[in-house]
Amino acid sequence: MEDRCKEKILSEDYWDFIISPYREDELEGVDTEKMCIQELDFGYKSVSLDSRMLLPLSLRQYWYGAIPKCYTLLDMQPLDAAGIITLQNYPTLQLMGEGIMIGFLDTGIDYTHPVFRNLDGTTRIAGIWDQTIQDGDPPEGFLYGTEYTEERINAALHSESPQELISSEDTDGHGTFVASAAAGGAEVGKQFLGAAPEASIAMVKLKPAKNYLKEFFAIAQDAVCYQENDIMLGLRYLNDLARKQGMPLVICVALGTSFGGHNGDSILADILDIYATVRNRCVVVGTGNEAARRHHYFNRFADAQDMRTAEIRVGEGTQSFAVELW
């Protein structure tokens, strides 16, 4: 049963939807043999449905929030600009992250890098869930991907060929960079030190978004982006792992999207808000790559007859693009 469900989750023939606890009636009457349900935290569900029995994907047919948004990677800034180095060295604080787990949802991590090891050479990584590798065991309670535990990572590090035991890698480098900036240990030769060099680390390597979603949102097929429901499942994994380890958790989300109302009422924003209210849970979210790219426009109507004109400049050769008005 789980193998069949994994095939549905990964298949381009199955569309993914996010069901909130307030809209579960939308699943009534759906053939259970043609769908797969994955439980998220706080009553949310990720549902994969056979697209061949569904109406065409459009906002007229489906609730906007149910269609997973696509998130891309965000840039990171130096530690001194955030005042972190001052906090590390302040005599009465000496905040280095000891006893804390920092969880990331990103492109993976170079688990062999020395900044992610203790002084004795063992790993500081408590777990990796690689959603892109399907030939290993997924985390308990999950249906796809492969989990690499702290014990397996240490075994790989002590072998002559670590990649033969753990094939998960960060080919992009973004996840490794974010994790090192937030929790990397000292690398004296390069005068490097992360924000919380004594923290425990957890990483979710997100699988790429399906092509049908890229087509729906007019995103280039070669663009790097990730589905909202995979991110939410990753949040559940980090929360579960921290609970098993009995550790406080800082969730680091260096991802962003131009879609949505930008007012904090998206499903992902809602679930992050809930995590932030849980004891010993903290959420850190990056803000925008947009800067001066002029991708946003804001205005206010004075009355029902008021009109505004906004110019949209489309690059030469662009075959399609998406615009949202909120």
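So the sequence shown is numbered by the numbering used here: it starts at 4 and just counts up by one. We treat Cβ as the ideally placed atom computed from N, Cα and C, and that holds for glycine.
Put simply, the backbone Cα of D233 is about 11 Å away from that of L13. For the pair M104 and P251, the CB atoms are nearer than the 8 Å cut-off.
By the criterion of at least three beta-carbon pairs nearer than 8 Å, the stretch 311-328 is in contact with the stretch 219-228.
DSSP, read as helix, strand or coil, puts E231 in helix. Comparing alpha-carbon positions, the option among L216, V286 and T260 lying closest to D16 turns out to be L216.
Note on Y300: under 16 other CB atoms within 10 angstroms of its CB, so exposed under the neighbour-count rule. Rounded to the nearest whole angstrom, the C-alpha separation of L209 and D53 is 22 Å.
The Cβ-Cβ distance between N283 and D44 does not fall below 8 Å. Counting only runs that start and end inside the stretch 190-215, the beta strand (DSSP E) elements of at least 3 residues fall at 203-208. Taking C-beta atoms under 8 Å as the contact rule, L146 and Q41 qualify, at a distance of about 6 Å.
Our two residues, S61 and G111, have alpha carbons roughly 32 Å apart in a direct line. The C-beta separation of F119 from T125 comes to about 10 Å, leaving the pair out of contact by the 8 Å criterion. With respect to G289, T75 sits apart: the two C-beta atoms are not nearer than 8 Å.
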